[in-house]
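Everything in the sequence shown is counted per full-length UniProt numbering, starting at 1 for the first residue and increasing by one.
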Amino acid sequence: MIIYDVENFPNPLRVRIALAEKNALDSATFKPVDLMNAEHRNAAFLRKNPFAGVPVLELDDGTYISESPAITEYIDHHFAGPSLTGETAKERAVISMMQRRAETQVLDAIATYFHHATDGLGPELETYQNSDWGQKQHARAIAGLAYFDSVLAEQSYVAGEAFTVADITLWCGLVFGGFCNVGIPTNLAHLQAWHDRVAKRPSIAA
């Protein structure tokens with residue numbers, strides 16, 4: 001399999017952590033996309049993903065899969081090891097719900113703040129910005145962090161007692177937040193404790 005991505009960007013990082021959790025990093029070939037020079041907007045890349053986002057997974061039969069949750073689901077089902085997306089109907093539903101909350105309330109909110117209310121990736125790529133919308137999403141992200149602090153006061157991980165894709169998404173949201181100065185508020189002790197534990201996982205610490 002080939003993965004087109006930008007190393008250390010938040011959504012590609014989600015896929016790399018999932019691969020590492022499944023001990024499958026060596027099974028993928030990573031091809032960097034020159035996002036800063038708008039390679040993701042050229043015709044060749046748009047044939048892989050018409051929405052111009054990374055990462056994109058290319059399978060041996062020529063199938064292209066984009067959207068990080070879809071890629072991580074493929075990885076989880078394709079490779080052996082502890083499940084990241086759940087095994088029973090209930091587990092799968094709860095993990096999907098919490099993953100989506102981590103995505104919309106933290107990762108996507110921080111990304112919107114970054115692209116709209118900061119310099120983002122620069123004027124050549126940030127062709128439209130709405131600072132008010134960006135600031136609103138900053139507030140949404142802070143509220144999202146408080147929500148997850150309350151969740152983690154009651155359980156070890158975002159979707160229960162096992163590490164899942166929901167934790168990966170929240171972690172990557174916090175990584176992105178650190179990049180654009182959206183940190184964990186000092187009063188969110190449960191979220192900080194989760195962060196410190198997850199930071200020690202081999203898939204992340206490496």
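A virtual CB, placed ideally from N, CA and C, is assigned to each residue, including glycine.
Owing to the predicted nature of the structure, the values given are computational and were not obtained by experimental measurement.
Between the alpha carbons of residue 93 and residue 167 lies a distance of about 15 Å. In this structure, the beta-carbon distance from residue 191 to residue 149 falls below 8 Å. For residue 11, the closest C-alpha among the options 133, 102 and 135 is that of 102.
Here residue 123 is exposed, its C-beta having fewer than 16 other C-beta atoms within 10 Å.
Distance between residue 77 and residue 84, taken at the CA atoms: about 9 Å. Residue state for residue 122 is assigned as coil, using DSSP reduced to three classes. By the C-beta density criterion, residue 16 is buried, having at least 16 other C-beta atoms within 10 angstroms. Residue state for residue 56 is assigned as strand, using DSSP reduced to three classes. In the three-state reduction of the DSSP assignment, residue 30 falls in the strand class. DSSP, read as helix, strand or coil, puts residue 62 in coil. Residues of the same chain with a CB within less than 8 Å of the CB of residue 80, apart from the 5 flanking positions on each side, are 22 in chain order.
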